[in-house]
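Worksheet: one structure, shown below.
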Amino acid sequence: MPLGANKAAMLGASAAGGVSATGGTITTYAGYKVHTFTASGTFTVTRAGDVDVLVVAGGGGSAGSYTSGGGAGGFRTSASHAVTVQAYTVTVGGGGARGSSSAKGTSGDNSIFDTITSTGGGGAGAPDSTGIRDGLDG
(Lines of atoms letter the chains of each structure in order from A; the text may use other names.)
(Lines give C-alpha, C1' and ligand atoms only; values in the text may rest on other atoms or scores of the structure.)
Protein backbone atom coordinates (compact mmCIF):
# COMPACT_ATOMS: atom_id res chain seq x y z
CA MET A 473 0.00 0.00 0.00
CA PRO A 474 1.56 3.36 -0.97
CA LEU A 475 2.13 6.02 1.65
CA GLY A 476 -0.92 8.22 2.00
CA ALA A 477 -3.27 5.42 1.00
CA ASN A 478 -5.43 6.00 4.09
CA LYS A 479 -7.41 8.96 2.83
CA ALA A 480 -10.96 10.17 3.08
CA ALA A 481 -13.47 12.78 2.12
CA MET A 482 -15.92 13.37 4.95
CA LEU A 483 -19.23 15.17 4.71
CA GLY A 484 -21.30 15.97 7.79
CA ALA A 485 -24.99 16.81 7.76
CA SER A 486 -27.18 17.78 10.70
CA ALA A 487 -29.18 14.79 11.92
CA ALA A 488 -32.25 16.79 12.96
CA GLY A 489 -34.11 18.52 10.14
CA GLY A 490 -31.03 19.18 8.03
CA VAL A 491 -29.66 17.67 4.86
CA SER A 492 -30.74 14.17 3.91
CA ALA A 493 -28.29 12.20 1.77
CA THR A 494 -26.83 8.81 0.92
CA GLY A 495 -23.33 7.73 -0.03
CA GLY A 496 -20.13 6.63 1.64
CA THR A 497 -20.04 4.93 5.03
CA ILE A 498 -22.61 6.67 7.23
CA THR A 499 -22.06 7.01 10.99
CA THR A 500 -23.49 9.32 13.63
CA TYR A 501 -21.30 11.52 15.81
CA ALA A 502 -22.50 14.19 18.27
CA GLY A 503 -25.85 14.57 16.52
CA TYR A 504 -24.38 14.66 13.01
CA LYS A 505 -24.57 12.10 10.25
CA VAL A 506 -21.08 11.66 8.82
CA HIS A 507 -20.56 10.30 5.29
CA THR A 508 -17.01 8.96 4.96
CA PHE A 509 -15.55 8.08 1.56
CA THR A 510 -12.34 6.02 1.45
CA ALA A 511 -12.75 5.48 -2.28
CA SER A 512 -14.39 7.59 -4.97
CA GLY A 513 -18.17 7.46 -5.02
CA THR A 514 -21.40 9.46 -5.12
CA PHE A 515 -22.96 11.67 -2.46
CA THR A 516 -26.66 11.87 -3.32
CA VAL A 517 -28.63 14.68 -1.65
CA THR A 518 -32.38 14.12 -1.24
CA ARG A 519 -33.03 17.19 0.99
CA ALA A 520 -30.95 20.34 0.39
CA GLY A 521 -29.13 22.40 3.02
CA ASP A 522 -25.63 23.09 4.33
CA VAL A 523 -23.00 20.46 5.14
CA ASP A 524 -19.64 20.55 6.86
CA VAL A 525 -16.93 19.24 4.55
CA LEU A 526 -13.43 17.84 5.06
CA VAL A 527 -11.56 16.77 1.91
CA VAL A 528 -8.14 15.09 2.28
CA ALA A 529 -5.88 14.31 -0.71
CA GLY A 530 -3.48 11.40 -1.15
CA GLY A 531 0.03 11.71 0.29
CA GLY A 532 3.19 11.61 -1.81
CA GLY A 533 5.17 8.41 -2.27
CA SER A 534 8.51 7.65 -0.64
CA ALA A 535 11.82 7.71 -2.54
CA GLY A 536 13.24 4.45 -3.86
CA SER A 537 15.51 2.52 -1.51
CA TYR A 538 15.89 5.49 0.81
CA THR A 539 13.93 6.48 3.85
CA SER A 540 12.72 9.93 2.79
CA GLY A 541 8.96 10.23 2.92
CA GLY A 542 6.56 12.01 0.63
CA GLY A 543 4.56 15.05 1.61
CA ALA A 544 1.22 14.83 3.35
CA GLY A 545 -1.90 15.18 1.23
CA GLY A 546 -3.50 18.59 1.46
CA PHE A 547 -6.82 19.16 3.17
CA ARG A 548 -9.64 21.66 2.79
CA THR A 549 -12.64 22.30 4.99
CA SER A 550 -15.90 24.16 4.71
CA ALA A 551 -18.08 24.73 7.76
CA SER A 552 -21.19 25.57 5.73
CA HIS A 553 -21.17 24.26 2.16
CA ALA A 554 -24.55 24.51 0.42
CA VAL A 555 -25.76 21.39 -1.39
CA THR A 556 -28.85 20.99 -3.55
CA VAL A 557 -30.91 17.91 -4.42
CA GLN A 558 -28.65 16.07 -6.86
CA ALA A 559 -25.85 13.49 -7.06
CA TYR A 560 -22.33 14.80 -6.37
CA THR A 561 -19.22 12.96 -7.49
CA VAL A 562 -16.69 12.45 -4.68
CA THR A 563 -13.14 11.83 -5.90
CA VAL A 564 -10.74 10.37 -3.33
CA GLY A 565 -7.13 10.78 -4.45
CA GLY A 566 -4.78 7.85 -4.04
CA GLY A 567 -1.36 7.97 -2.42
CA GLY A 568 1.72 8.42 -4.59
CA ALA A 569 3.81 5.42 -5.60
CA ARG A 570 7.20 4.64 -4.08
CA GLY A 571 10.07 5.41 -6.43
CA SER A 572 12.10 2.47 -7.73
CA SER A 573 15.75 2.14 -6.72
CA SER A 574 17.01 5.74 -6.37
CA ALA A 575 14.02 7.41 -8.05
CA LYS A 576 11.74 10.05 -6.56
CA GLY A 577 8.34 9.04 -5.27
CA THR A 578 5.33 10.21 -7.26
CA SER A 579 2.91 12.84 -6.01
CA GLY A 580 -0.41 11.88 -4.45
CA ASP A 581 -3.65 12.49 -6.33
CA ASN A 582 -6.10 15.31 -5.66
CA SER A 583 -9.37 14.72 -3.81
CA ILE A 584 -12.47 16.64 -4.92
CA PHE A 585 -15.99 17.31 -3.67
CA ASP A 586 -18.12 19.77 -5.64
CA THR A 587 -16.04 22.99 -5.86
CA ILE A 588 -13.56 21.94 -3.15
CA THR A 589 -10.23 20.45 -4.29
CA SER A 590 -7.39 19.29 -2.02
CA THR A 591 -3.98 18.91 -3.64
CA GLY A 592 -2.03 15.66 -3.36
CA GLY A 593 1.25 15.63 -1.42
CA GLY A 594 4.56 15.84 -3.26
CA GLY A 595 6.69 12.78 -3.89
CA ALA A 596 9.91 12.44 -1.89
CA GLY A 597 13.28 13.47 -3.30
CA ALA A 598 16.05 10.91 -3.88
CA PRO A 599 19.85 11.13 -4.04
CA ASP A 600 21.93 11.07 -7.21
CA SER A 601 25.68 11.52 -7.86
CA THR A 602 25.46 15.24 -7.05
CA GLY A 603 23.55 14.88 -3.79
CA ILE A 604 19.88 14.97 -2.86
CA ARG A 605 17.41 15.97 -5.57
CA ASP A 606 14.40 18.02 -4.60
CA GLY A 607 11.09 16.28 -4.07
CA LEU A 608 8.04 17.00 -6.17
CA ASP A 609 5.63 19.86 -5.56
CA GLY A 610 2.32 18.94 -3.97
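Going by our numbering, the sequence shown runs without a break in its numbering and finishes at 610.
Backbone N, C-alpha and C fix where the C-beta goes; we use that ideal spot for every residue, glycine too.
Can you tell me where the beta strand (DSSP E) with residue i in it begins and where it stops?
i, result
"residue 505", "504-509"
"residue 559", "559-563"
"residue 513", "513-519"
"residue 494", "492-494"
"residue 497", "497-501"
Reducing DSSP to helix, strand and coil, say where residue i ends up.
i, result
"residue 586", "coil"
"residue 570", "coil"
"residue 476", "Since pLDDT at residue 476 reaches only 40, below the 50 mark, its modelled position is unreliable, and the value read off the structure follows with that caveat. It is coil, neither helix nor strand."
CB residue i to CB residue j, shorter than 8 Å?
i, j, result
"residue 513", "residue 557", "no"
"residue 535", "residue 576", "yes"
"residue 546", "residue 595", "no"
"residue 508", "residue 499", "yes"
"residue 590", "residue 529", "yes"
"residue 568", "residue 597", "no"
"residue 516", "residue 495", "yes"
"residue 585", "residue 506", "no"
"residue 491", "residue 523", "yes"
"residue 565", "residue 592", "yes"
"residue 580", "residue 555", "no"
Would you list the one or two residues that DSSP bridges to residue i?
i, result
"residue 555", "521"
"residue 550", "525"
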